[in-house]
Amino acid sequence: MRQLTVLKDEAAARKFAAWLVVQNIEARADAEADGWSIWVIDEDQLPAARQHLAQFQADPNDPRFRNAQQQAAAIEREEQQKRERAQKNTIEMNRRWGTGGQVARSAPVVLAMIAISVVVFILTDWGEQAGPGVKSWVQFSSGIADFQKVDIDGQKMIRGIKTEAWKDVQAGQIWRLVTPMFLHFGVMHIVFNMMWLYDLGGQIESRIKSRWFVALVLLIAATSCVSQVVVDSWLEGTTLFPDIGNFGGMSGVNYGLFGFIFVRSYVLQDRSYFLHSTTSLLMFGWLLVCFASNYGVINLGLGSVANTAHVAGMLAGMALGYVPQLVRRA
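Counting in this note's numbering, the sequence shown runs from 575 upward without gaps.
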């Protein structure tokens with residue numbers, strides 16, 4: 575995306591941006607401190623956009639520009655209908671992502687995250703690994719989360735092994751701030767998380783450079799994990815693992831990716847991102863269901879859900895989705 579020009583008059587800026595859209599040049603007008611910036615989404619279309627700008631500046635009252643905004647609105651409605659049909663149609667979604675090779679080229683980090691999650695899932699016995707092992711290296715603390723059976727005076731007793739949740743991070747094992755995202759508990763947990771990661775993460779990585787996507791994921795993961803530990807420590811009045819920090823899953827990151835796309839598509843009206851209303855309803859609805867489950871309002875057998883990680887991840891994603899807008903205005 576490249577800035578084409580800055581126009582002082584809002585009406586003129588909106589009319590010209592609409593005219594570019596009518597000419598099949600994806601563009602938008604954004605308010606700035608010194609006027610209205612005209613942005614061209616596809617940099618390859620800049621030469622054509624400059625030609626139209628010269629014509630517009632020569633005679634902005636030319637009759638051909640008069641109905642540009644109505645025509646652009648009609649085009650947008652048509653494009654929105656196309657996107658909704660594509661979202662509902664599995665064949666169209668497959669066409670959008672293409673073959674496996676095309677997916678690998680457009681979202682290699684997403685595919686790598688899915689692969690790591692699956693490998694960790696297998697090596698941790700579906701997240702139920704007891705004792706030292708891979709699980710103790712990816713969870714927030716190296717302490718043993720599962721209660722162990724020990725023989726005391728000839729009787730089988732159950733004793734929990736508790737450690738300070740922060741001790742490993744404070745000792746320099748900073749990967750633990752993000753690696754809990756690769757830990758999953760049960761088949762349905764990993765299947766649904768990988769589906770959302772493929773859909774939401776794939777859409778983002780295919781539009782930004784992979785290195786920026788990695789940075790986005792790491793920031794969201796660290797925010798969600800740290801927030802979960804901090805809030806749980808405050809609620810439970812302890813910082814001991816496994817009472818605190820015994821969680822895992824990609825859902826915190828997925829909510830962050832959802833928040834990122836939500837801001838880009840709904841708030842900033844960035845047409846390069848698309849979020850179906852059904853997806854938004856499902857994400858917000860599931861968040862409410864998880865809160866209701868944790869507080870005993872409903873019983874779906876979900877166990878203890880890391881709701882703080884979900885909310886913190888979503889807020890982090892929303893904030894990061896707005897960062898480019900702030901940078902342009904700086």
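Note that beta-carbon positions come from the ideal geometry of N, C-alpha and C, so glycine has one too.
- In the three-state DSSP reduction, A601 falls in the strand class (E or B).
- Counting only the Cα atoms, E606 lies some 9 Å from V580.
- Here L842 has G895, Y896 and Q899 as same chain residues with Cβ atoms under 8 Å from its own Cβ, once five neighbours each way along the sequence are excluded.
- For E606, the pairing in a beta bridge is given by DSSP as G609.
- In the DSSP assignment, V580 forms a beta bridge with S611.
- With 16 or more other Cβ atoms inside 10 Å of its own Cβ, I612 counts as buried.
- About 22 Å separates the CB atoms of E600 and D583; that is not less than 8 Å, and the two are not in contact.
- It is roughly 48 Å from the alpha-carbon of D618 to the alpha-carbon of Q744.
- Residue pairing by DSSP places F815 opposite T737 in a beta bridge.
- Of all alpha-carbon atoms in V837, V765 and T852, the one lying nearest the alpha-carbon of M824 is that of V765.
- Under the 10 Å beta carbon count, G875 is surrounded by fewer than 16 other beta carbons and is classified as exposed.
- Assigned with DSSP and collapsed to three states, W700 falls in coil, not helix or strand.
- Taken in chain order, the whole beta strand (DSSP E) runs of length 3 or more contained in the region 849-889 number zero.
- The three-state reading of DSSP puts R785 in helix, counting H, G and I together.
- With contacts defined as CB atoms closer than 9 Å, G891 and F848 fail to qualify as a contacting pair.
- If you look at V827, you'll find it in the alpha helix (DSSP H) that goes S825 to F836.
- The residues I818, in chain order, have a CB closer than 6 Å to that of D806 in the same chain once the five nearest residues on each side in sequence are set aside.
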